[in-house]
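Written out below as structure tokens is the structure these notes cover.
In our numbering, the protein residues as written are 800 to 1072.
This is the structure we're talking about:
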């Protein structure tokens, strides 16, 4: 009988388990709809259905365009040197574009949404870099884009199917194919079929949040000040999701994906609040 050495999986340190606990809160228990309801004192969860159909059609197109433009432009300009993420710069920029949207209404959406999406992807990439990601790696850029899907859940989503790891699993194959394509080509071509497919998958979930944002802007006399506040909440939501996402990825690099996933699921099932 041979002697086998059993090597147990490394346990998370107290500090890293606390970071993962916070990540679970950020990824499973935070929604833009709840933020907007608290901000405006009105129920936003189901208000997306009140957005006029022509406006929803414009929003769907603007969402896809915004993601394609953001993918092409933002990551090329990032400085790869690691540094702490800025907490307020991107919120201030988003508030500025939101003021324009609040003042001009739905007519500004085709311009305002791409602008705010560019700001948010910059904020997300800033957080990724601070968490030790190689910002020049194609896979990191796609992980940044993935945040828009992770932050876009509908109120009636099945809790299990819309959990963090479930959404990552849905996107995993397409992200892997897109990363290989980008490595081979050495450039980002947002018109490449694999990237078009990925953006379409992400846009479907991101569009849920955009509808909630539009519903908030339907609140009477929201105006420029209210539009700035809505966009502040918009970018704050995705910054929170990005911190959770890149915390999980950082811990995966240290402990391995399976260890972190098992610990994450335990915390999620405990319904951390």
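Beta carbons are placed, not taken as given, at the ideal position from N, Cα and C, and that holds for glycine.
One Cα belongs to residue 921, the other to residue 939, and the distance between them is close to 13 Å. Taking one beta carbon from each stretch, the segment 995-1005 and the segment 978-985 have fewer than 3 pairs nearer than 8 Å; the two do not touch.
A direct Cα-Cα distance of roughly 12 Å separates residue 1050 from residue 932.
Between residue 1059 and residue 826, the gap from beta carbon to beta carbon reaches 8 Å or more. Assignment of residue 811 by DSSP, reduced to helix, strand and coil, places it in the coil class.
Taking a contact as a CB-CB distance under 8 Å, the pair residue 927 and residue 1045 counts as one, their CB atoms being some 5 Å apart. In the three-state reduction of the DSSP assignment, residue 851 falls in the coil class.
Residue 830 carries a coil assignment under DSSP once its states are collapsed to helix, strand and coil. Excluding the 5 residues flanking it on each side, residue 815 has same chain C-beta neighbours closer than 8 Å at 1050, 1053, 1054, in chain order. Boundaries of the alpha helix (DSSP H) harbouring residue 1056: 1056-1068, taken from the DSSP string. Between residue 919 and residue 1008, the beta carbon gap of about 10 Å keeps them out of contact (Cβ cut-off 8 Å). Contact check for residue 948 against residue 835 fails: the beta carbons are separated by 8 Å or more.
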